[in-house]
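>
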Amino acid sequence: MNLYLASSSKNIPATRAAMQKLRDAGHVITYDWTLDAENPDPNKAPGYFAARCIHGVEQADSLIFLHSEFPTAGAWWEFGYAYGLDRPIYGILGEGRMLNEFEPLIFLSARAVRHYQTIEILLKWAPWNNQTCIQEVEF
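Quick note: the sequence shown uses the working numbering, first residue 388, plus one each step.
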């Protein structure tokens, strides 16, 4: 499955680890934005990075939103864009974290968004595996 992983640009180590777990499970990351975020090419136009992120979301079958304690306007924009494209969205809360710990945002409770504690739980119980998920956070 083609996946786009959105998170804060200050959350690069965790984002890379999650991307690797997804790749190891046979998924394709449509755009690894962590490479450009960490080492931006000064010869590229300012909109180059944004265009690549947009294209990555458009090419993805689903978006995975990796929550973090860092603010992230870009990842929320990608979240909204994927939502507008009618892509399934999976939120990764983090080990031991609950949805109510996060800033109350209406999109987090949208029916199209499913939340999991970890990438490992998502990989085991994601709808694309055709299994019933008992670990999913319900509202």
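Idealized CB from N, CA, C, for every residue including glycine. Predicted model, so just to flag it, every value in this text is computed and none were measured.
In whole angstroms, give me the CA-to-CA distance for Val-415 and Pro-429.
Computed Cα separation, rounded: 27 Å.
> Which residue comes first and which comes last in the alpha helix (DSSP H) that contains Phe-457?
Taken as a continuous stretch (DSSP letters only), Phe-457 belongs to no alpha helix (DSSP H), as it is neither H nor E.
> Quick test of the definition: if touching needs 3 or more C-beta pairs under 8 Å, does the stretch 418-433 touch the stretch 390-404?
Yes, since at least three Cβ pairs between the stretch 418-433 and the stretch 390-404 fall closer than 8 Å, the two stretches touch.
> Output yes or no for whether 7 Å exceeds the beta carbon distance between Ser-455 and Asn-398.
In contact: Ser-455 and Asn-398 (Cβ atoms closer than 7 Å).
> So is Tyr-556 buried or exposed if we call it buried at 16+ other beta carbons inside 10 Å?
Examination of residue 556 is not possible in this model, given that the chain is present from 388 through 526 alone.
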